[in-house]
Amino acid sequence: MDKILDLAAANQQRARDVIRDCELEACWRSVGAEPNLVGSLRSGLLMTHRDIDFHIYSSPLRIADSFAAMSRLARHPRIRRIGYTNLLDAPDQCLEWHAWYEATDGEPWQIDLIHMARGSAWEGYFERVADRIAAVLTPETRYAILKIKYDTPADQKIMGIEYYQAVIRDGVRSWEEFAAWRAKNPVMGILEWMP
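If you read the sequence shown in our numbering, its first letter stands for residue 8, the second for the next number, and so on.
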């Protein structure tokens with residue numbers, strides 16, 4: 008048990024070090040945007056998947072501002088690659104960015120940055136989800152989630168919310184149970200669930 012909890016704590020600290028080192032929040036604030044941590048790092052459930060998630064809000068949302076913030080981030084010597092998708096005309100109504108940061112130990116970190124206009128239907132939603140998940144965790148459910156994440160094969164792409172729903176709502180406690188649960192609960196698009 009201690010090994011799982013120690014690894015989670017260490018990786019969560021490394022993620023915060025990445026955010027601080029590349030001055031990610033300052034990059035967005037420099038264009039008048041508000042960056043908000045979401046996802047597993049915000050809820051304290053980041054484990055072995057080195058992924059950092061932010062939702063960023065602007066009023067108005069200007070593509071040029073988004074590029075300016077990412078240009079500033081790209082100047083950091085540890086940012087190795089950046090990807091961009093314009094989804095303003097999709098249900099997401101956002102600009103989606105991905106940046107890959109190489110830590111001093113050579114480990115890659117993926118940073119997912121979703122840039123939305125203030126007043127978007129999604130504004131604040133995922134922040135509330137993460138905070139609610141963190142609030143309802145018990146030591147048992149927290150450990151179960153971290154252990155299942157630890158046992159997940161590296162080639163599996165699984166949204167964090169799937170783990171949380173399976174463990175918190177449905178009582179799943181092992182990777183085998185979780186794999187069976189996923190087969191019965193396929194996800195199409197954005198999974199809207201909050202405990």
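Just so it is clear, CB atoms sit at the ideal spot from N, CA and C, and this is done for glycine as well.
In this text, all values refer to a predicted model and were calculated from it rather than measured experimentally.
Euclidean distance between Cα positions of residue i and residue j
i      : j      : result
LEU80  : ASP60  : 15 Å
LEU120 : ALA187 : 31 Å
ASP9   : ILE168 : 24 Å
GLY51  : GLU134 : 13 Å
LEU94  : SER73  : 13 Å
ILE70  : GLN163 : 32 Å
ILE11  : ALA173 : 19 Å
ILE197 : ILE165 : 12 Å
GLU103 : ARG125 : 15 Å
ASN18  : PRO84  : 21 Å
ARG82  : ALA33  : 13 Å
Residues sharing a beta bridge with residue i, DSSP
i      : result
ASP119 : ASP60, HIS105
VAL7   : Past the boundaries of the shown model lies residue 7; the chain is included only from 8 to 202, so the question cannot be answered.
THR111 : BP columns for THR111 are empty, so no partner.
Within 8 Å, strictly: CB atoms of residue i and residue j
i      : j      : result
ALA76  : VAL45  : no
ARG21  : ALA137 : no
HIS122 : LEU68  : yes
LEU53  : ALA15  : yes
GLN117 : TRP107 : yes
GLY148 : TRP182 : A quick correction: the sequence has Thr, not Gly, at residue 148. Result no, Cβ atoms of THR148 and TRP182 do not sit closer than 8 Å.
Sequence-distant residues of the same chain with beta carbon closer than 6 Å to residue i, five excluded per side
i      : result
ASP28  : none
TRP35  : PRO42, ILE63, ALA76
ALA40  : ILE63, SER65
ARG180 : ALA151
Check: residue i C-beta below 7 Å from any heavy atom of the ligand FMN
i     : result
LEU94 : Although the ligand FMN was asked about, the structure shown includes no ligands whatsoever.
Nearest-angstrom beta carbon gap, residue j and residue i [assumed within contact, 8 Å]
i      : j      : result
PRO202 : ILE155 : Actually they do not touch by this definition, with Cβ atoms about 16 Å apart.
Same chain only: Cβ atoms within 7 Å of residue i, ignoring 5 sequence neighbours per side
i      : result
SER127 : GLN100
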